[in-house]
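In the numbering used here, the protein residues as written are 5 to 90.
Backbone N, C-alpha and C define an ideal beta-carbon position, used for all residues, glycine too.
For clarity, every value in this text was computed on a predicted model and none was experimentally measured.
Since the structure comes first, as structure tokens, the remarks are kept for the end.
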Amino acid sequence: IAATKGEEAGIEGWVMLEEFITPKFQGRGLGKAMQRAFLCVLRALAPEDDALVLGTIDGRNEPSIKTALACGRHKAGSWLFTPRRP
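This is the structure:
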């Protein structure tokens with residue numbers, strides 16, 4: 005997991021830059037364990053912060069969305085793009 009202090013859409017917090025699990029180990033609950041550990045570390049390192057974690061997940065990436073929700077993250081907004089009509 006890689007994150008940095010920053011902002012997205014005008015909201016300040018920890019911006020999730022990357023979370024990577026090699027395909028060999030995917031589907032074993034490691035993403036959920038990593039995110040929960042990450043949140044614990046943030047709270048320990050920066051107790052004055054509310055450990056707000058921001059990030060973008062592609063709407064087609066159902067496993068990542070389910071993992072984020074299972075870790076207590078909430079969908080705060082989304083964008084919907086449609087083809088332009090002629």
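Which of helix, strand or coil DSSP assigns to residue i
i   : result
T60 : coil
T8  : strand
Boundaries of the beta strand (DSSP E) in which residue i is found, first to last residue
i   : result
A13 : Unbroken run through A13: none, as it is neither H nor E.
Beta-carbon proximity check, residue i vs residue j, cutoff 9 Å
i   : j   : result
V57 : L46 : yes
G59 : V19 : yes
M38 : I5  : yes
E22 : G35 : no
A75 : R40 : The question names Ala, but residue 75 in the sequence shown is Cys. Yes, these two residues count as a Cβ contact at 9 Å.
F42 : A72 : no
Start and end residues, alpha helix (DSSP H) containing residue i
i   : result
R47 : 34-49
E66 : 66-74
Any C-beta of chain C under 9 Å from that of residue i
i   : result
W83 : Reference to chain C is not applicable here, since this structure consists of a single protein chain.
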